[in-house]
Amino acid sequence: NSKVIQTPRYLVKGQGQKAKMRCIPEKGHPVVFWYQQNKNNEFKFLINFQNQEVLQQIDMTEKRFSAECPSNSPCSLEIQSSEAGDSALYLCASSPGQANTEVFFGKGTRLTVV
Amino acid sequence: AQSVTQPDARVTVSEGASLQLRCKYSSSVTPYLFWYVQYPRQGLQLLLKYYSGDPVVQGVNGFEAEFSKSNSSFHLRKASVHWSDSAVYFCAGLNNYAQGLTFGLGTRVSVFP
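Going down the list, the sequences are from chains A and B.
To convert, note that position 102 of the first sequence is 652 in our numbering; the numbers rise steadily by one, no gaps.
To convert, note that position 90 of the second sequence is 152 in our numbering; the numbers rise steadily by one, no gaps.
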């Protein structure tokens, strides 16, 4: 069973509001991913980290989304100004690293922008 | 993986029957391949993974999958399903960490008594 912890499970925001969600990766996992899953089950890769450093992020993330994974603190994903199209399930995942490519997911934060 | 295709959006089976879910990948190199299951209001749970070696891999809860390089496929199977197997199943591929996982659109499995 995955030990990736995501909070909150549900988040409701008005358009234009900030939305922040957190993720505690599994202990000892240096690689962290954020994905957006929409209602059509399409997964969009947002950003990933290795030991607090950004490995890759998409353009969408660079504009309105911000994320960080500080040492000894939860990782976070924040949407600066929420839009209706941001309503989705946001999934955090962690992995032990290159030697073992298993990727474990949390239960997600379901964001609803009203 | 550059793309992952799950051709069946929905599959309905009777309890006790066998199940096969199809997955095809498109990639210039053979990716690492995974099957995940998602229950309602839950995240993704890893069922099994393939890196190399024996093309048939065993997973949790009686699931297994078979990799075929010639067919670019990684189909999931279960000999006898239970009502609790009703869920959405996702096939995913990983070429490298920088690209992240590439997912199919999932197959919704409904098991009827």
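Glycine included, C-beta positions come from ideal geometry on N, C-alpha and C.
DSSP three-state assignment for residue i, whether helix, strand or coil
i	result
B:Val-122	helix
B:Ala-149	strand
A:Ala-634	helix
A:Lys-570	strand
A:Lys-563	strand
A:Lys-613	helix
B:Thr-67	strand
A:Tyr-640	strand
A:Lys-657	coil
B:Ala-154	strand
A:Val-664	coil
A:Ser-623	coil
Close-in-space but distant-in-sequence residues of the same chain around residue i (CB under 6 Å, 5 per side omitted)
i	result
A:Gln-600	Pro-580, Val-581
B:Val-150	Gln-100, Gly-168, Arg-170
B:Asn-123	none
B:Leu-156	Pro-93, Tyr-94, Leu-163
B:Tyr-112	Leu-95, Val-119, Phe-129
Cut-off 7 Å between Cβ atoms - residues of its own chain near residue i, not counting five sequence neighbours on either side
i	result
A:Val-729	Only positions 551 to 664 of chain A appear in the structure, and residue 729 of chain A is not among them; the question remains open.
A:Ser-637	Leu-661, Thr-662, Val-663
Inter-residue Cα distance where the pair is residue i and residue j
i	j	result
A:Glu-576	A:Glu-628	20 Å
A:Arg-572	B:Cys-153	26 Å
B:Gly-93	A:Asn-591	According to the sequence displayed, residue 93 of chain B carries Pro and not Gly. Computed Cα separation, rounded: 21 Å.
B:Gln-120	A:Phe-595	28 Å
B:Ser-134	A:Gln-567	44 Å
B:Ser-76	B:Cys-85	21 Å
B:Ala-182	B:Leu-83	A question about residue 182 of chain B goes unanswered here, because the residues of chain B that appear run from 63 up to 175.
A:Gln-556	B:Phe-96	22 Å
B:Val-143	A:Ser-645	30 Å
B:Pro-117	A:Glu-652	17 Å
B:Thr-74	B:Ser-172	5 Å
Beta-bridge partners of residue i, as assigned by DSSP
i	result
A:Lys-594	A:Gln-586
B:Thr-74	B:Ser-172
B:Lys-140	B:Leu-81, B:Phe-125
B:Gln-107	B:Val-99
B:Tyr-112	B:Leu-95
Other residues of its chain near residue i: CB distance less than 8 Å, five sequence neighbours each side excluded
i	result
A:Gly-647	His-579, Pro-580, Val-581, Gln-600
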